[in-house]
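Protein sequence lines correspond, in order, to chains A and B.
With the numbering used here applied, the first sequence closes on residue 1094, and no number is skipped along the way.
With the numbering used here applied, the second sequence closes on residue 1031, and no number is skipped along the way.
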Amino acid sequence: MKVKKIISTLLALSLGATVFASCGKSGGDGSDSSKEQTPSQNYDWMKYDDASVISDFDPHFAEGTLHDVNIDYDDPAGAFIVDKKTDYKIVVGDGTATQASSFINKMIIQATGISLVKIDEIEATVTADSTYVLLGCDDIFNEKGFEKPSYDKIGIAGYTIKTYGKNVFIEAYTQNGYQMAALAFLRAVLGYDMFAGDLIIFERDGKILPKMDIVERPDYDYRQQVNNVDGETAYGLGFTTTTMFINTGSGWVHNVCDYTLKSDRDEHPGWYSDDPAKAQSCFTAHGNKEEYALMVNRFAERLIYFINNNSKDINNILISQMDVALGNTVSRCHCDTCEASYAFYNSIAGAMLMLINDVAKIVGDYLDSEQAIEDGFEPDHELNIIMLVYGDAINAPSKIENGNYVFDENGKGVPEVERRFWLDENGEVYYEDGKTESGEDKLLVCGERVGLMYAAAAASYIYSFYDPVNLVYKNRVDAWSGLGGSFYFWLYEISYYQYLYPYNSFDSYAENMRYFKDHGGKYMYSEGTWENPNNPGFAKLRDYLASKLEFDVNNDYNTLVDRYFNYYFDDAKDYMRQFFEEVVANLRHYESEIGGGVHNYNVSKKEYWEEGKLRSWLALCDKAYAAIEHYKVDDPEKYEALKKHILCETLFPRYVLCNDYADSFSNDTIVEMRREFMNDFYALQNTSHQEHFTIDAVFSSWNLI
Amino acid sequence: MKKKTRLFIVLSMCAAISASVAGVTAAIGAYAGETWETTGVEISDHYDFGSTFNVPDYVLKVGGRSAQASFNVECPDGTSTADKSVLLDKAGTYSVRYFADIDGVSYFNEYVFDVDYLSYTYLKKGITSVDYGHYSKYGSNSDGLLVRLAGSDVLTFTKLIDVRDLTQENRIISGFITPDERGVADFDKLTVTLTDSVDPSIYFKVDYNRWKIAPTSGKSATFVMAGGNGQDMVGYEEGKGLHVNDGIGATNRMTWIAQSNYDARGNVSWSGPTGDYVPDKDNFYVTFDNDAKRVYSQGVLVSDLDSAEYYNNLWSGFKSGYVRLSVSASSYVGATANFCITQTIAMDNLTDDLFFDYAEPEITVDTEYDNLPEAAIGKAYKIPSATAYDYYSGNVAVNVKVWYNYASSTPVSVNVNGDTFTPDRSGYYTIEYTACDAFGNECVKTMSVHAGGNIAPIDITIPETAVKEIKLGNLAFVPYPEITGGSGNYTVKTTASLNGNVTEIENEYFRPETAGDWTIRHVVTDYIGNSAVAVYKLKGLAHDDPVFVDDLVLPAVYIAGVKYVLPEIYANIYSTGKTERKLMKVDVTADGTTSTYNAGDEFIPEVSENKQTINVRYYYGDAEYGNYDVPVIIARDGNTVYVKNYFYGDGFTIVDDVYMGETLTGIAFVANESSERVGWTFANPQLSEGFNIKLLNFGSIRYKALEIILRDAEYPDVAVAMTVGVGTSKIKVESGKYLVELDGKNVNSSEFTLGFENSSFKLDNLVVTTGQTIDGKPFNGFVSNKVYVTLNMLNAKKGAAYQLKSITGTNVTNRNVDTGSPTLAVLGDIGGSYAINSVYVLAPAVAADTFSPYTSLTVTVTVSVNGEDVVVSDVNGVKLDGVDADREYTILLDNYGYYQILYYAREVDWTKRNNDKIFTNYVAVIDEEAPEIIFKSGYKTTAKVGDVISFPTFAVKDNISGKDEITITRFVLTSQGKLLEFKNKENSIKVAYEGVYRFSVVAYDKFGNMSIEFIYVTVTK
């Protein structure tokens, strides 16, 4: 059973003042610490005499983000909900705000037990003394002298919240924007925060409606949840819950073959790669100008078809190579012109980007046309045509010298000339460099509406991209970022071979969010497990970090972690925090041996997880259970939620004990332990111990099924 | 305000007011003069279900004195509470009782009110709402209950559903989702639950899960799953198979957002809705076939609750036959889950808000009499106890009264003292049982008792068949006596006594083993407590004839050339007047040659032909105990093991070259002729625990069932059986009283396994608990831990066949080679973790082999001490180095680490092939104490940006691990959120930012026990 917890205390007041105060170990006043020990002759004091100094960590805060938040509780706009009564009504003037209004009302019910009456916009007479929460009532908003920030400024997910007299206006452009606005409104009025699907807190009592003047844009317009969470939880955590990418038939990614017709395979073989299966597209049309022009037109025609036959609220569409992972080993076309282009750019990305630019130009012309208006598009319709930076197209087609990318003074790649390769009548390869109207070399950059999606599955996410370990991947991103265009990022946050083991990307996460924001990040998917909704290894912490850091990359990591443990584990926080800190320290110590690859088995080697560690952590979990025991009577629903949180984290040490230390337990005990593990694993609705593999094989090897 | 009664009780005067006339008590009189005044709101006659009743305060006033009253509230279900605030969550009559004392007199006042009997109930009034009405949004046109369900609220229907005759045709509930806003889901899951009216722990539920691959997906399809109590949620997706606990399942068409992802041609768009959809176009509806225990929705099978195809544990169905319907929702997105119920068999008419139950509770009197026995005047008469149950109110209280002249116009109440009454005059007395349910339906049941009639004295006659004299050691017949007189049925206790030794006799037989005159005594007692005694003598006579008392168990089949022990049994000799035990002799005759042994001797059966019998004759002196022909199989010749010969039986042919492709898969058994039962017994007993045989189909099945019998190798009365029946599409499994039906996955698929574990049979993963033996006695496991296995085909036609692939892991083929190793069972738990210096008891173990009749089993225990493996001795000094494993050993665990317990099982006197098997277990003695970390005093807790902070001096020590065995790591969590490790001898950090820096030491000992300590340094500019 899901439990939505309402904690309407003012815990934040104490939380804000303490850093790890839960451990009761904060420092003193500058002299000797309060934690000093009585010196004893029995102790062999350890002092490291080598005075080598390690460097402090330099964070890379992002600049130019928009979080203009002004909230005044001291001079409130009005009394919102007092003694389970309110004068406020909710007004929805824009259908895209409907879900947001429902969510606001639902949270108000949870926090206060009452709901706001919903009325139509036409029934609302807004004066300074009226009491309305108005969502998407643009005309009234303008009447009162306000101006909604431009779409360019706040984008698809931004919003503004302003109080007028006792009223509140909430304005955005899309369903996503209203979602984020709803969360901001709830934060301001009720102290809302969601930590997981079963834990929502309200730190304010809702009596005061503060004065608000807020203009915010999430740092990533599109924010994908890390792990498998349901739609409602994703909404409450502030992840994008609307469909983000247009489906082109075979899916939304690895879809380039959707851009041609079946008949084209026979009629235009030059549009396809030179392997027998024609597995990929040929982005140079084998050097045939006429065929290339036809191909561009076909791609554009298909793309226009796709955007017309999907919801017009979906703003992103990918043109991406077919996948090479699922048995298809043909990564690209090897015709003469493709080879020439690859040799010049050190990547097939040059040819691919030119094709997509050409397609985007036609699509752009269409979107700017009267026909598009007739077809139902707004004049300023946002459409992002995304190229997948992947496989043989992962290297940026930017300038290279001596085998290395050339970077400008900002550390971004320097664009290379736009060079197209053709075949002459003799079948010889020649090229043509693009020229500007003024006759200068035309540089290959992302065209209008063209963006990039980058996925570096081989990078190490226990380090940030600022770390030298990831230099090769950073260089690629840096190089690409010099070519303009919005950037869509797909990162990885778990060991995909070992779901149930912890993966120590926690403290690198914030820096990665900042790095990718600094490099034009628009979409962020830090993929965890898309299979298990309750994965151990403190995966839920990563959901929370993502919800906060994808919204504002400059959020403070330490504060977020403190806050998470204090609320998510409540009275069990001390024990679960110690568990977390010991796990993280263990992983940090062995990280050079384990490595950070998300596709290796190192992290599960027995040598890193001695039995005593696992037992110690389970002992901490037992203490954690005991610490929340009183909620069984005081607040049974809360007890169930907290118990589930602890139970989820026990899965990791229990799994390792069951797998690697069966000899330490009696035959009956290990059978019972394994059965209990299986029952709990399933009860938590998990399915898999490794990506694409259900855990049934493990349970079968344990003779359970 | 409704007052039910107004009584007062004057405790000190109670006896004076009660008029007692020869045990018949008059009603208590009433008192006037007191007034009850409330300081709050007076109690109404009716309150709404789900509302909160705040108990008003009352003050009692008597003669100018007043007192605040205490109270309690009795609820319709019989529970009571003294809470000031009572949630009215039960329909029926509530009683509010006030008590107050003034001047030593206790007063009592009672008010009653009703809570309406609604057709359906829910608790969150004001948020949840249910109204009958018309729904017309988005093109709909339906009437029904318009439900807006909030949070964890549950809509529960009052009328019970008789589930016994439900079939797939009976729609239990129908409806559709009514979203507030087109395109926005209010919730993602709707749950329909049927709960047993008597035992609420029995239920099944049906989940409707919104299909939401994309969060805004509006697909007009829904995945349906079902599961009973204790079961997973399972749904069968047509064409794709079973789903378990994954939110998918049987596909139903219905919309949650008034939109659909299906286009006009029925194609699915995966990225979002393609068009509008009328909400009531498709209704969900649940049906349930009670006989088959199958759940359907929209006519589509969701799951079969008692099928092993769907679940590992099978649902046994509703107990009472009456169930309660409820509906709930979860995965809310909006404030309420909104839907319309268009029909339910839990309401005759959806417009009826109120529900009335006219059925009375049922009273059950716990008595064996239809007409109660005669009572005696002046003698207490036991009133039979009674219980009452009502489907809507549950167990309800039974009041008992006794009346004299009940049917007259002036019946007289008779005193009831506990569970008896005492008649004081002749005539008819009536015991009146009354029970009332929460709806006010009252049931009355009476039983009549006559008193004062003639009750003849109890007269006991010893039957002529009673044995009066018997030779010692034989069973004497002690028949039940003939009895007349008394009232009602009798109880009889029979004993035999001699020289002060008393033995209770049951089942009419007694074996005297001491010479002398035994006294046989019958004590007879009737219903009203009258009793009588009858005594006679039984003479026990000494004699010289041997008496055979011991049971003899011989193997069903001998294996030639194998050493057996002739069971050691004795003859009893009573010539001295007491029991003497004399060892018996045994003649074994084989091929015309007789050899004589003492019982308990070893012998080796030898025959010239397979299946030839030998005769085993037990005797003492001239008296023969019995003689038995036992077949002998020729199982081995050197290293050749004649596998087929082990299957002892008639009526079948063994096909021994069964291949599947290129693989030899086993041997097959083919019935020679049609037969009701044809099969074999395996000649070598097997370990019962973990036993299994793998079977495959072979040709046409042509039999109705397979019967497997496991019989204790030493206690043949202990035998259990499981029958796996084959139908057209089902298998029946029957063991004792257990019967389930399985979908026929095993019948037509390749392989299935019959096994035995934890005192239960197994059919593949299905556990079939068998609580009794084939003789109907309680089954408590196999005493010897070894069993003879019999497998029969029942109702087999000629040519009926199956393959046998393996027996407990040993492949059975025509190669005549024993490739299998012994198996082991430890007769208790083994291994585990223990504290240092604790005592561990190593349980005995037993081993057996598939083919070899004898298996030796030894055990060796070692532990590593200073890097060397040392053999452990038990507390009695026995060095545990290859000692017999058939007994307990107690070990003192005085070393840390792992004690290795190594079992060595060997086939004895068998083939030269080495099939020995080693089994290893461990007992862990683990240190669980983590190292202690302390920081030396004097470290600073504040610093300035730019300062170099040295890592504080610290010490680590552990209870076990030495300095070199402790791993120590050091870290700093910077104020900017990065965990940095101090490696090697790095000792300081130059801090560059304000905030708190957290220094930590992590240490773990050689067992991995880990500890961590922190120090915090606040850095300012």
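Think of the CB as a built atom: it goes at the ideal place given N, C-alpha and C, for glycine as much as any other residue.
Per DSSP, the continuous beta strand (DSSP E) segment holding Phe766/B begins and ends at 761–767.
Across the set Asp527/B, Asn151/B, Lys927/B, Ser54/B, the C-alpha of Asn151/B shows the shortest separation from the C-alpha of Lys291/B. The closest CA to that of Leu837/B, considering only Thr860/B, Ile614/B, Tyr108/B, Ala895/B, is found on Ala895/B.
Chain A has no Cβ within less than 7 Å of the Cβ of Phe214/B. If only uninterrupted beta strand (DSSP E) runs of at least 3 residues are considered, those enclosed by the segment 325–385 of chain B are 332–342, 346–354, 372–375. Counting the other Cβ atoms within 10 Å of the Cβ of Asp518/A gives fewer than 16, which makes it exposed.
Lys906/A carries a helical assignment under DSSP once its states are collapsed to helix, strand and coil. Note on geometry: alpha-carbon atoms of Glu826/A and Val1001/B lie some 54 Å from one another. Residue range 725–734 is occupied by the alpha helix (DSSP H) that includes Thr726/A. DSSP places His978/A in the helix class (H, G or I) of the three-state scheme. Interface residue (Cβ-Cβ distance to chain A less than 7 Å): Gln78/B is not classified as such. Between the segment 229–249 of chain B and the segment 301–321 of chain B, the count of C-beta pairs closer than 8 Å reaches three or more; the two stretches touch. Secondary structure at Gln613/A: strand, using DSSP grouped into helix, strand and coil. Of all residues in the segment 1050–1073 of chain A, only Asp1052, Ser1053, Phe1054, Ser1055, Asn1056, Asp1057, Thr1058, Tyr1071 come within less than 7 Å of chain B when Cβ atoms are compared, listed by chain position. Around the beta carbon of Arg593/A, 16 or more other beta carbons lie within 10 angstroms, which makes this residue buried. In the structure shown, Ile784/B falls within a coil segment according to DSSP collapsed to helix, strand and coil. In the DSSP annotation of this structure, Val559/B is not part of any alpha helix (DSSP H), being labelled neither H nor E. In the DSSP assignment, Trp528/B falls within the beta strand (DSSP E) that extends over 526–535. A direct Cα-to-Cα measurement between Thr1039/A and Ser843/B gives close to 19 Å.
In the three-state scheme derived from DSSP, where H, G and I count as helix and E and B as strand, Met235/B is classed as strand. The alpha helix (DSSP H) runs lying completely inside the segment 828–890 of chain A and spanning 4 residues or more are 860–870, given in chain order. Assignment of Val422/B by DSSP, reduced to helix, strand and coil, places it in the strand class.
Between Gln488/A and chain B, the shortest Cβ-Cβ separation is below 7 Å. Within the model, the alpha-carbon separation for Ala845/B versus Gly344/B is close to 55 Å. If one requires a minimum length of 3 residues, the beta strand (DSSP E) runs lying completely within the segment 1046–1085 of chain A are 1077–1079, in chain order. Ser585/B carries a coil assignment under DSSP once its states are collapsed to helix, strand and coil. Between Lys824/A and Asn746/A, the alpha-carbon positions lie close to 15 Å from each other. The beta carbons of Lys1021/A and Tyr1014/A sit about 10 Å from each other, so the pair does not count as a contact at 8 Å. For Phe958/A, the closest C-alpha among the options Leu1009/A, Ile708/A, Met601/A, Ser639/A is that of Leu1009/A. In this structure, Tyr519/B and Phe692/B do not form a Cβ contact; the two beta carbons are roughly 37 Å apart against a cut-off of 8 Å. In its chain, beyond the 5 residues on either side, Thr691, Tyr798 have a beta carbon closer than 6 Å to the beta carbon of Ala566/B. In the DSSP assignment, Asp299/B falls outside any alpha helix (DSSP H) and within the unbroken beta strand (DSSP E) covering 294–299. Runs of the alpha helix (DSSP H) spanning 4 or more residues and lying entirely within the segment 621–709 of chain A occur at 653–656, 678–697, in chain order.
Around Glu686/B, the same chain offers Leu804, Asn805 as residues with beta carbons nearer than 7 Å, after the five sequence neighbours per side are excluded. Of the candidates Thr471/B, Ala77/B, Tyr656/B, the residue whose Cα lies closest to the Cα of Leu814/B is Tyr656/B. Check the Cα spacing between Ser971/B and each of Lys455/B, Val534/B, Asp937/B, Gly735/B: the tightest is with Asp937/B.
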